[in-house]
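Worksheet for the structure shown next.
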Amino acid sequence: MKTLAIIIAFALTSFISHAQDSLKTYTVKVIIENPLNAKGHVLIGLHSADTFMKADGIQSAKVKVIDGQAIASFENVKQGNYAVMVVHDENDNSRMDFEANGMPKENYGMSNNPMLMGPPNFNDAKFELKEDTEINIRF
């Protein structure tokens, strides 16, 4: 009987601690250190697989370039897989501008800094969030 009580107590403790872990939230700090100039703003979006390459992410920020850097923090983010997308919106029209041939006119980047030929995809930029994280992005 004691053994059964110990097993049940252990199982409940394990279940409760796992449930508390799933309630934890984290901070994602994003640093862009090489914007070419201080014109406009830098648009930074935190995305899930469902929101990737869409206008609205899970969280977003619009920041100025200060001393050659653009920095934003996303707080209260649950554990999971995410990607960060960044655009230097030099003309402040709140969107990425394109040439007639479809090439971007403005600098952009994403988490993991992949070198891509063609449109980005979530798997190239995703990272697993399980603790407070700092992401450095290059244009």
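Heads up: the sequence shown runs through residues -19 to -1, 1 to 120, numbered per mature numbering (1 follows the signal peptide of the UniProt record, and there is no 0). Beta carbons are placed, not taken as given, at the ideal position from N, Cα and C, and that holds for glycine.
Three-way DSSP call (helix, strand, coil) for S(-3) in this model: Because the pLDDT at S(-3) is just 48, under 50, the model does not fix this residue reliably, and the value given afterwards should be weighed accordingly. Taken through DSSP and simplified to helix, strand or coil, S(-3) comes out as helix.
Cα-Cα separation, L4 to K59: Going from the Cα of L4 to the Cα of K59 covers about 7 Å.
Residues that DSSP places opposite residue 122 in a beta bridge: Here the chain covers residues -19 to 120 and nothing more, so residue 122 does not appear.
Helix, strand or coil at N104 according to DSSP, with G and I counted as helix: Residue state, collapsed to three classes: helix.
Residue range of the beta strand (DSSP E) that includes N57: From DSSP, the beta strand (DSSP E) with N57 extends over 51 to 59.
For T32, the first and last residue of its enclosing beta strand (DSSP E): Per DSSP, T32 belongs to no beta strand (DSSP E) and is neither H nor E.
Three-way DSSP call (helix, strand, coil) for L(-8) in this model: Low confidence applies here, because L(-8) scores a pLDDT of 47, under 50, leaving its location unreliable and the question unanswered by this model.
Burial state of N88, where buried means 16 or more other Cβ atoms lie within 10 Å: Classification of N88: buried, given that the 10 Å Cβ count is 16 or more.
M91: first and last residue of the uninterrupted beta strand (DSSP E) it sits in: Annotation: the continuous beta strand (DSSP E) that includes M91 extends over 89 to 91.
Stretch pair the stretch 61 to 78 + the stretch 87 to 103: three plus CB contacts closer than 8 Å: Touching, yes.
Range covered by the beta strand (DSSP E) that runs through N117: First-last of the beta strand (DSSP E) with N117: 114 to 118.
K20 and N62 closer than 7 Å at C-beta: The answer is no: Cβ separation not under 7 Å.
C-beta contact flag for K35 and H22 at 7 Å: Taking C-beta atoms as the reference points, K35 and H22 fail to come closer than 7 Å.
Delimiting residues of the beta strand (DSSP E) encompassing I47: Counting along the chain, I47 sits inside no beta strand (DSSP E), nor does DSSP assign it H or E at all.
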